[in-house]
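Peer 1:
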Amino acid sequence: MIYYRQEEKTTYHKTMLDSLDIQQRYGFLSSSPASTFSFGKRIGKKLKAGSIIALIGELGCGKTLFTKGICVGLGVPERQVNSPTFAFVNEYQGRLPVFHIDLYRLNTIDEEFEIGMLDYLAKANSGVIALEWAEKALALLPDDHLQVHFEVLSARKRRLKLIGFGEKFGSLLGELGGQ
Ligand SMILES: Nc1ncnc2c1ncn2[C@@H]1O[C@H](COP(=O)(O)OP(=O)(O)OP(=O)(O)O)[C@@H](O)[C@H]1O
Ligand SMILES: [Mg+2]
Numbered sequence: 000m001i002y003y004r005q006e007e008k009t010t011y012h013k014t015m016l017d018s019l020d021i022q023q024r025y026g027f028l029s030s031s032p033a034s035t036f037s038f039g040k041r042i043g044k045k046l047k048a049g050s051i052i053a054l055i056g057e058l059g060c061g062k063t064l065f066t067k068g069i070c071v072g073l074g075v076p077e078r079q080v081n082s083p084t085f086a087f088v089n090e091y092q093g094r095l096p097v098f099h100i101d102l103y104r105l106n107t108i109d110e111e112f113e114i115g116m117l118d119y120l121a122k123a124n125s126g127v128i129a130l131e132w133a134e135k136a137l138a139l140l141p142d143d144h145l146q147v148h149f150e151v152l153s154a155r156k157r158r159l160k161l162i163g164f165g166e167k168f169g170s171l172l173g174e175l176g177g178q
């Protein structure tokens, strides 16, 4: 009898965890560049002001292509979206302003960078930030942000893992799961 009760309790907790997982995580298997782009576009259509998207993954995993999709979903013309490797930040105007930041060339987080970054994070209250190589500056990000981890599985296959931190992305991730 006691054993049975313990089982019941375990099951209950597992269900709680599962529902949390469904809200805050979403996995996507991409089999082509076009599929990464259109997945980004689907997300871009749903983004609200104040969204910070942290893109994490090795060279050539698809961060820029995914960002293009997000921007197009937000109504930015595709040809405008390019990796801002030399400029650090590109700004686009769609349904919301988009700040496309690439930290590839960032070596150290000094005061000047921190001030600049905090400035963009403040601007993003009314817009969207897509941040490539976000792992270099995760400590500066607010609690509420969406991490997208890219894994290269083969020449054309990528696994994307979306993890919502904070409250903001629960409904978006839930909607992705529901479609
Ligand atoms: N399923 C896929 N999803 C995304 N890109 C893919 C896929 N299959 C192949 N590719 C190729 O991988 C490359 C991804 O380039 P992209 O510039 O988006 O990567 P990145 O992560 O931004 O790289 P970097 O670290 O240099 O900024 C493109 O050449 C694209 O065609
Ligand atoms: Mg890139």
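Sequential numbering of the sequence shown, starting at 0, is according to numbering that gives the first Met the number 0.
All C-beta atoms in this analysis are idealised placements derived from N, C-alpha and C, irrespective of residue type, glycine included.
Nothing here was measured: the structure is a model prediction, and the numbers come from that model.
1) By how many angstroms is the C-alpha of Gly-93 removed from the C-alpha of Leu-172?
2) When you compare each of Ile-51, Gly-26, Ser-30 to Ser-153 by their alpha carbons, which one comes out closest?
3) How should Arg-157 be labelled, buried or exposed, when 16 other C-beta atoms within 10 angstroms of its C-beta is the threshold for buried?
4) Counting Cβ pairs closer than 8 Å, one from the stretch 65-80 and one from the stretch 35-47, do we hit at least three?
5) Quick one: Cα of Val-80 to Cα of Glu-131, how far?
6) Check whether the Cβ atoms of Gly-115 and Gln-23 lie closer than 8 Å to each other.
7) Taking the alpha carbon of Val-88 as the point to measure from, which residue in Leu-102, Cys-70, Leu-159 has its own alpha carbon closest?
8) Between the C-alpha atoms of Val-75 and Leu-105, what's the straight-line distance to the nearest angstrom?
9) At a cut-off of 7 Å, is Thr-63 close to ligand 2 when judged by its beta-carbon and the heavy atoms of the ligand?
10) Quickly, what does DSSP pair Phe-149 with across the bridge? List them, please.
11) Can you determine whether any heavy atom of ligand 2 sits closer than 7 Å to the C-beta of Glu-131, and answer yes or no?
12) Leaving out five residues on either side along the sequence, give the residues of the same chain with a beta carbon under 8 Å from the beta carbon of Asn-124.
13) What would DSSP say about Asn-106, mapped onto helix, strand or coil?
14) When the distance is taken between beta carbons, is Val-151 closer than 8 Å to Leu-159?
Peer 2: The answer reads as follows:
1) 22 Å
2) Ser-30
3) buried
4) yes
5) 13 Å
6) no
7) Leu-102
8) 26 Å
9) yes
10) Leu-159
11) yes
12) Ala-48, Gly-49
13) coil
14) no
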